[in-house]
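What follows is a short report on a single structure.
In our numbering, the protein residues as written are 34 to 619.
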């Protein structure tokens with residue numbers, strides 16, 4: 034095999050990243066649904082000729098994308114122009130983890146030789162199911178969450194099976210939107226197929242293959258080396274929990290162990306995790322996910338690295354218990370697995386924090402999703418809005434404010450008011466939601482809507498209320514979120530954080546407040562000038578400044594004498610800051 038030299042390797046890495054970015058730009062510009070076009074809920078990746086992901090998005094929640102297709106359609110039988118499709122969670126062992134996410138996969142060829150695969154993946158707003166939007170806290174089995182597509186061949190030799198697509202679109206309440214999103218995703222994949230073929234033509238198929246091999250090996254070696262720096266020989270443990278499944282059950286605890294053996298093997302064990310939930314918060318976790326998530330963490334700031342299938346190879350064994358929250362039995366519902374996914378990612382940071390004695394990020398809130406559905410002016414509407422939360426503080430900096438998972442974008446006020454029957458009355462940071470610390474946790478968001486439709490049904494997805502995001506190294510918990518209808522009036526009512534079926538009518542006001550991230554370090558060590566800036570910037574209230582930071586601010590100025598007196602009464606701190614409930618689980 035022809036060897037790829039170091040310079041060419043970096044050129045190919047850059048070219049693959051560029052192809053990936055071009056695919057995503059095409060998808061963003063041509064999709065019809067807001068969740069793809071405005072929220073940017075889509076991902077692309079490039080794979081080697083055997084199906085190993087060589088260059089992927091920095092998203093640690095998916096598994097082996099090619100294997101479910103190859104099990105039904107052997108790789109050696111694939112031809113140029115083929116296109117494969119699935120959204121089957123159980124059939125893919127969690128490679129895709131809820132049914133709204135559609136995976137399109139195509140082999141790429143150069144002069145008759147298969148040189149790799151390209152993938153496009155996007156969240157479709159409605160694929161049928163129990164409620165508009167398909168994802169509902171009310172779901173009790175997977176079949177209530179929309180149509181299930183097993184791995185199928187959508188196109189052969191470039192000829193698309195339009196009947197299969199028409200069947201899919203017929204199962205959506207918004208078929209025109211679904212049709213547009215499908216065409217956009219197919220176009221993005223075909224573009225990636227073309228770019229990968231061009232790369233093989235420019236550098237040669239064998240050089241490209243060796244480049245992908247080196248990228249995979251480099252990632253695996255780097256991740257394994259970093260894990261050895263972080264985790265001592267022995268077993269490191271951490272636990273975290275989600276509040277509820279929306280059906281009156283919970284909390285559900287995730288219990289994680291990472292063992293480094295004497296011969297430097299890494300074993301991830303989540304068999305102690307609670308049983309699966311009746312409600313839709315189960316996460317069918319592919320065994321690649323722990324390695325992808327820890328890989329993403331350790332690769333931050335490492336120049337020239339890419340997140341790829343080498344990261345999960347650094348974990349030698351993953352142990353799950355069938356029937357648990359992380360390995361549910363079909364047909365357990367999966368639609369709101371994002372809550373459990375976010376707690377899992379935080380708990381993995383918790384493992385790092387235990388191993389490094391606090392040198393790791395604090396916990397983040399789970400991103401919030403609301404769905405407002407109804408009819409306005411004789412037309413059906415569905416407003417699925419993903420809303421940012423606060424992320425945990427880090428050992429070197431404050432947490433990030435108002436992040437929707439991987440920094441995907443929000444819905445601009447102008448877009449929302451032009452597209453949906455709502456008026457956005459308020460939008461800003463949720464003051465005091467960031468956990469106090471030497472480095473402050475990120476703040477969540479406040480959004481307040483007035484309903485302009487005669488009637489609409491609301492679904493709400495909030496977590497981390499009973500079990501707020503933990504702080505590290507003396508940092509305090511992040512704040513919790515809540516959902517309120519008609520706040521400040523005699524008709525005010527607080528909604529269950531995970532609920533569906535709330536009926537709103539014209540003139541009703543709905544206010545959503547999202548949680549923040551945990552703090553890092555003792556709040557009394559935060560410079561008083563920074564606390565003053567937090568107060569003036571709207572991140573922290575004067576009352577919280579005095580109580581949690583020991584900083585007294587009067588009339589917008591620092592009271593140095595009172596601050597010195599308050600800070601002399603410094604409270605004791607520990608590695609993790611937990612409320613009483615958290616002491617029982619971690």
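Beta carbons: idealized from backbone N, C-alpha and C, even for Gly. All values derive from a computational prediction rather than experimental measurement.
Q: List the DSSP bridge partners of residue 273.
A: As computed with DSSP, residue 273 is found in a beta bridge with 287.
Q: Grab me the residues of residue 206's own chain with a C-beta within less than 8 angstroms of its C-beta, minus the 5 sequence neighbours each way, in chain order.
A: The answer, listed in chain order, is 159, 161, 165, 413, 415.
Q. At what residues does the alpha helix (DSSP H) containing residue 225 begin and finish?
A. Annotation: the continuous alpha helix (DSSP H) that includes residue 225 extends over 208-236.
Q. Among residues of its own chain, excluding the 5 on either side of residue 386, which ones have a beta-carbon nearer than 6 angstroms to its beta-carbon?
A. Contacts found: 393, 505.
Q: Pull up the DSSP beta-bridge partners for residue 407, would you.
A: Beta-bridge pairing links residue 407 to 414, 489.
Q) How about residue 177 and residue 157: do their beta carbons lie closer than 8 angstroms? A) Not a contact, by the Cβ cut-off of 8 angstroms.
Q | Reduced DSSP secondary structure (H/G/I, E/B, other) of residue 395 | A | In the structure shown, residue 395 sits in coil (DSSP, three-state: anything other than H, G, I, E or B).
Q | Spatially closest choice to residue 131 from 372, 468, 427, by CA coordinates | A | Measuring C-alpha to C-alpha distances from residue 131 to each of 372, 468, 427 identifies 372 as the nearest.
Q | Where residue 318 falls: helix, strand or coil (DSSP) | A | Collapsing the DSSP output to three states places residue 318 in coil.
Q) Nearest-angstrom Cα distance between residue 181 and residue 326? A) Distance between the alpha carbons of residue 181 and residue 326 is about 27 angstroms.
Q | Which listed residue (103, 143, 113) has its alpha carbon closest to that of residue 124 | A | Nearest in C-alpha terms to residue 124, of all of 103, 143, 113, is 103.
**Q.** Buried versus exposed call for residue 588 [16 or more other C-beta atoms within 10 Å across all chains shown]
**A.** By the neighbour-count criterion, in which a residue is buried when 16 or more other Cβ atoms sit within 10 angstroms of its Cβ, residue 588 is exposed.
Q | Inter-residue spacing [alpha-carbon to alpha-carbon] between residue 37 and residue 137 | A | If I take the Cα positions, the gap works out to 29 angstroms.
Q. Hey, which unbroken runs of the alpha helix (DSSP H) at 4 residues or more fall wholly within the segment 545-595?
A. For secondary structure counted as the alpha helix (DSSP H) over 4 or more consecutive residues, the segment 545-595 holds these complete runs in sequence order: 561-569, 575-582.
Q.
To test your reading of the DSSP string, which unbroken beta strand (DSSP E) runs of 3 or more residues are found completely within the segment 141-208?
A. Correct list: 146-156, 185-189.
Q: On the DSSP bridge assignment, give the partners of residue 381 in chain order.
A: For residue 381, which the question treats as bridged, DSSP gives no partner whatsoever.
(Q) Applying the 10 Å Cβ sphere with the 16-neighbour rule, what's the burial state of residue 68? (A) Label assigned to residue 68: buried.
Q.
Can you tell me whether residue 433 is buried or exposed? The criterion is at least 16 other CB atoms within 10 Å of its CB, across all chains shown.
A. Buried is the call here.
Q | Distance between beta carbons of residue 154 and residue 75, contact taken as under 8 angstroms | A | Rounded to the nearest angstrom, the Cβ distance from residue 75 to residue 154 is 6 angstroms, consistent with a contact under 8 angstroms.
Q. Cα-Cα, which of 586, 230, 541, 495 is closest to residue 403?
A. Considering only alpha carbons, the answer is 495.
Q.
I'd like the ranges of any beta strand (DSSP E) spanning at least 3 consecutive residues and lying wholly in the segment 432-457.
A. Listed in chain order, there is nothing to give.
**Q.** Local conformation of residue 330 per DSSP, three classes
**A.** If DSSP states are grouped into helix, strand and coil, residue 330 belongs with the helices.
Q | C-alpha distance - residue 369 paired with residue 190, whole-angstrom precision | A | For residue 369 and residue 190, the distance between alpha carbons rounds to 37 angstroms.
Q: Would you please state the rounded distance, in angstroms, between the beta carbons of residue 508 and residue 578? I believe it to be under 8 angstroms.
A: The C-beta separation of residue 508 from residue 578 comes to about 16 angstroms, leaving the pair out of contact by the 8 angstroms criterion.
Q | Beta carbon of residue 585 nearer than 8 angstroms to that of residue 601 | A | No.
Q.
Strictly by DSSP, which residues pair up with residue 516?
A. In the DSSP assignment, residue 516 forms a beta bridge with 528, 545.
(Q) In the DSSP assignment, the alpha helix (DSSP H) including residue 622 goes from what residue to what residue? (A) The first residue shown for the chain is 34 and the last is 619, placing residue 622 beyond what the model contains.
Q) With contact counted as at least three CB pairs below 8 angstroms, one residue from each stretch, are the segment 534-544 and the segment 473-483 in contact? A) These segments touch.
Q: Mind reading off the beta-carbon distance from residue 424 to residue 550? Whole number of angstroms is fine, and I expect it under 8 angstroms.
A: For a cut-off of 8 angstroms, the C-beta gap from residue 424 to residue 550 is around 5 angstroms, short enough to register as a contact.
(Q) Looking at the strands, I want to know which residues DSSP matches up with residue 401. (A) 420, per the DSSP bridge assignment.
Q) Under 8 angstroms between the Cβ atoms of residue 528 and residue 384? A) Not in contact: residue 528 and residue 384 (Cβ atoms no closer than 8 angstroms).
Q) To the nearest whole angstrom, what separates the beta carbons of residue 348 and residue 301, a pair I think is in contact under 8 angstroms? A) Rounded, the Cβ-Cβ distance is 5 angstroms, consistent with contact.
Q. Cα separation between residue 80 and residue 55?
A. Approximately 16 angstroms between the Cα atoms of the pair.
Q) Just reading off the beta strand (DSSP E) that residue 89 is part of, what are its end residues? A) Where residue 89 is concerned, the enclosing beta strand (DSSP E) stretches over 86-89.
Q. Going along the chain, which unbroken runs of the beta strand (DSSP E) with 3 or more residues stay wholly within the segment 91-144?
A. The segment 91-144 contains these whole beta strand (DSSP E) runs: 116-119, 134-143.
Q. What is the rounded straight-line gap between the Cα of residue 612 and the Cα of residue 140?
A. A caution first: residue 612 carries a pLDDT of 42, below 50, which makes its placement in the model too unreliable to give a value.
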